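Going letter by letter, the sequence shown gives residues 1 to 69 in full-length UniProt numbering.
Ideal Cβ positions, reconstructed from N, Cα and C, are used throughout, including at glycine.
Note that the coordinates shown come from a computational prediction; the quantities given were computed from them, not determined experimentally.
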Amino acid sequence: MNNIIIYHNPACGTSRNTLEMIRNSVEEPSIILYLEIPPVRDILPNIQQGAFTKENGEKVVDESGQRVK
Numbered sequence: 001m002n003n004i005i006i007y008h009n010p011a012c013g014t015s016r017n018t019l020e021m022i023r024n025s026v027e028e029p030s031i032i033l034y035l036e037i038p039p040v041r042d043i044l045p046n047i048q049q050g051a052f053t054k055e056n057g058e059k060v061v062d063e064s065g066q067r068v069k
């Protein structure tokens with residue numbers, strides 16, 4: 001079963017690079033070309049709740065949900 005979904009724009013370099021990283025590290029994701037088929041609000045995940053850090057440990061969002069500058 002495929003658990004990875006990418007909302008992809010083939011014209012965007014960041015999107016292409018992200019898709020390549022997913023393919024190289026795990027499996028073939030489900031690809032939604034969001035410019036052709038826009039997502040509906042009901043299927044979008046809830047916004048980030050609580051603290052969020054980068055892989056290197058740098059804090060991006062604090063415990064109250066506020067962005068760290």
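Environment of residue i [buried if 16+ CB atoms lie within 10 Å]
| i | result |
| --- | --- |
| cysteine 12 | exposed |
| glycine 57 | exposed |
Residues near residue i by beta carbon distance below 7 angstroms, same chain, minus five either side
| i | result |
| --- | --- |
| serine 15 | His8 and Asn9 |
| valine 66 | In the sequence under discussion, the amino acid at residue 66 is glutamine, which differs from the valine named in the question. Excluding residues within five positions, none has a Cβ falling inside 7 angstroms. |
| proline 61 | According to the sequence provided, residue 61 is valine. The question's proline does not apply to it. Gln48, Ala51, Phe52, Arg67 and Val68. |
| isoleucine 22 | Ile4, Ile6 and Pro29 |
Boundaries of the alpha helix (DSSP H) in which residue i is found, first to last residue
| i | result |
| --- | --- |
| isoleucine 43 | It is not in any alpha helix (DSSP H) - isoleucine 43 carries neither H nor E in the DSSP assignment. |
| serine 15 | 13-25 |
According to DSSP, residues forming a beta bridge with residue i
| i | result |
| --- | --- |
| serine 32 | The residue asked about is misnamed: residue 32 is isoleucine in this sequence, not serine. Tyr7. |
| threonine 53 | Lys59 |
Residues near residue i by beta carbon distance below 6 angstroms, same chain, minus five either side
| i | result |
| --- | --- |
| isoleucine 31 | Ile6 and His8 |
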